[in-house]
DNA sequence: ATCAAAATTTTACTCGCGTAAATTTTATTA
DNA sequence: TAATAAAATTTACGCGAGTAAAATTTTGAT
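Residue numbers (our numbering), protein chains in the order written: chain Z, 103 to 445; chain D, 103 to 445.
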């Protein structure tokens, strides 16, 4: 049975009849030792359940086998889903992911970057707060730690960016909406927290111009990361004012749309594409909850798998390349339009 | 400026004119060194931005200043919110939280416990998967690491449990519903992932008996952590079959209710307490999204703050008490009924 | 059986810090 | 002002590994 009297690798090497350096080698790569040796070590491992002290292991390593994952806001299930996929890939590849959320707060994001630096991670996957981020803090961080940005791009920072192609999102949704009904207006926060929001507005304007349509941007008030509540309040307001320029609303993101839909429902405004409907609503992200809104939300979906896989692969290439890439790449994945009932 | 030539505490001590052990003491508790010493260290800190190597720090510590936080499913914003509050408290108290999600998978939960053990954390706050958890793995873990369970209780494991009082949740919702309309039936998964679900069913049955009402439990099929989809499918089924025993549905939890409401909407069943409504729906948890459902969801709310604060405080007492408490306590916090539009 | 190549072991260092015990400095009291 | 207690600091050693170089053993092909 596991008599856990083993206090260190020296003792474990003794009971398994192998020298300590060889045991050390085994723990770094079991296939790097002879088969018979490996079997003896594994036999001893069964009897004594010893695990190397991770702190001693990492003390002298320039880089550890840790990978930092930083997201801006964990109460958003979008990031929960991304994290799940990313963590899986990292573990497969023999890395140890550690997860952090800035919880929408700049100071917290900075603290995370700080403690991440002292963790000497092999690399970091960072989805920054965006507009709220302390740019110089992130810049300094990226100079010291091999970093791939994802979801939210900050010009020039990190060795690469992997995310979704906002233009693809918006052009698909705008084309679909204008093809099948009235011209969409664009519904967004006045001061969006996230750079994707700005790109989406620009893409909306560009697409409308290309189609020869007149654009309308509806800007609503509100700050912070409570997008649903902001969308709801904004929804009540524009519905009460009857200030919507068209009967078709394209929300900047799903969380805003979720709030907007709840305002529609409570205001008795029927949403959908049926003849009895007053409004069509569509959005972007394919948020995990968007299929459960009432009506279910027509949206442009992130390619979750492609984004997370590519982000991880890019980071691995970066790590193998010694922390630097020739030039900063931006990989953008197109959206897939998901037609549901809201538009 | 920060000439980061400082490679270790020795060198930093030199440039600040203080001995290394004193510097070490400073980093553990700045107030433990003389004011003049502190000022000299802090002056040097400004010039040289040195940070102690956390691995070297923790190598010889029996216990580190780390606190592990483990949740079963991070794509559920309920846990996102809990984590946010818990992390805040830990940081305030000078600990370093590290966050893990089992992502609904037993093997992953076990791996987390494994790597957590080798992190030698001062303590762990564990919200286990529940029914899917490997009980013996958790039991073994708790023997070695001071652990407080939260959200989901497993009989006898950990030094304490902190969570919500399911009986309070259900008795309030049942009493409210039966006082203001038809008797509620209880809508739940046939094989719930979480022990809270069982407690809620039992509480439902007990409350109905106390009120002299006939209970009806509606069990729907489905496994895993995709509760919304399960509630939706189950909803379509019971609505199609017209098998609901009453016009009032009390869902075991909000995520199930979110799915159920979407099924009602698509089936053209009007939910709410108005005269034109066919169904009332209520639930438990006050999930962050429950205010945005259509109609907004009447629910029994967790006392998020009380649960997270108490869990953290209990863990701190446990840590200060050397990892053991006299007897295992279970702290249950009552619910607060939140009346919205769905019932 | 022979011998080169591969794997393992030995030896001997290093790393960055914690910490008990000894020593010095500072503060307090008489 | 001197004696003494208290606090701060220094000395000296240990921790649990990584790792490089040299010596030795094992392996596998001939």
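Glycine included, every Cβ here is placed at the ideal spot set by N, Cα and C. The structure presented is a predicted model; accordingly, all values stated were derived computationally and were not measured.
Check                                                                                                                         : Outcome
Chain Z contact for residue 193/D (CB, 9 angstroms cutoff)                                                                    : yes
Coarse secondary structure for residue 386/Z, derived from DSSP in three states                                               : strand
Sequence-distant residues of the same chain with beta carbon closer than 6 angstroms to residue 202/Z, five excluded per side : 172, 214
Top-ranked residue by Cα proximity to residue 243/D, from 184/D, 150/D, 261/D, 409/D                                          : 261/D
Buried versus exposed call for residue 265/D [16 or more other C-beta atoms within 10 Å across all chains shown]              : buried
Residue closest to residue 175/D, alpha-carbon to alpha-carbon, out of 195/D, 167/D, 211/D, 310/D                             : 211/D
Beta-bridge partners of residue 291/D, as assigned by DSSP                                                                    : 322/D
Unbroken beta strand (DSSP E) run spanning residue 249/D, endpoints                                                           : 249-252
Boundaries of the beta strand (DSSP E) in which residue 203/D is found, first to last residue                                 : 198-203
Straight-line gap, residue 420/D to residue 123/Z (C-alpha atoms, nearest Å)                                                  : 39 angstroms
Listed by chain order, chain D residues near residue 221/Z by CB distance under 8 angstroms                                   : 156
Minimum Cβ-Cβ distance from residue 125/D to chain Z less than 9 angstroms                                                    : no
Test: residue 80/Z CB closer than 9 angstroms to a CB of chain D                                                              : Nothing about residue 80/Z can be reported from this structure: the residues present for chain Z run from 103 to 445 only.
DSSP three-state assignment for residue 173/D, whether helix, strand or coil                                                  : strand
Length of the line joining the Cα atoms of residue 108/Z and residue 114/Z                                                    : 6 angstroms
Boundaries (first-last residue) of the beta strand (DSSP E) holding residue 263/D                                             : 262-266
Sub-9 angstroms separation of residue 402/Z and residue 387/Z beta-carbons                                                    : yes
Residue 183/Z: contacting residues in chain D (beta-carbon distance under 7 angstroms)                                        : 177
Whole runs of the beta strand (DSSP E) within the stretch 113-185 of chain D, excluding any shorter than 3 residues           : 168-173
Minimum Cβ-Cβ distance from residue 376/D to chain Z less than 9 angstroms                                                    : no
Against chain D: residues of the stretch 337-366 of chain Z by CB proximity under 8 angstroms                                 : 360, 361, 363, 364
Residue 212/Z at chain D interface by Cβ criterion, 9 angstroms                                                               : no
Cβ pair residue 457/Z, residue 363/Z closer than 9 angstroms                                                                  : With chain Z running from 103 to 445 in the structure shown, residue 457/Z is simply not present.
Whether residue 375/D touches residue 351/D by CB criterion (9 angstroms)                                                     : no
Residue-level contact to chain D via CB, residue 433/Z, 9 angstroms cutoff                                                    : no
Extent of the continuous beta strand (DSSP E) run through residue 440/Z                                                       : 438-440
Between the CA atoms of residue 191/Z and residue 179/D - distance to the nearest angstrom                                    : 23 angstroms
Residue nearest to residue 205/Z in terms of C-alpha spacing, selected from 426/D, 184/D, 235/D, 208/D                        : 184/D
Reduced DSSP secondary structure (H/G/I, E/B, other) of residue 224/D                                                         : coil
Presumed contact (8 angstroms Cβ cut-off) between residue 146/Z and residue 118/Z, rounded CB distance                        : 3 angstroms
DSSP-derived helix/strand/coil call for residue 229/Z                                                                         : coil
Residue 103/Z versus residue 157/D - alpha carbon distance                                                                    : Unreliable placement is indicated for residue 103/Z, whose pLDDT of 40 sits below 50; no coordinate value is reported for it.
Rounded separation between residue 149/D and residue 218/Z - CA only                                                          : 21 angstroms
Assigned secondary structure, residue 434/Z (DSSP; H/G/I helix, E/B strand, else coil)                                        : strand
Neighbouring residues, chain D, relative to residue 330/Z (Cβ below 9 angstroms)                                              : 390, 391, 393, 394
Counterpart residues of residue 352/Z in DSSP-defined beta bridges                                                            : 288/Z, 384/Z
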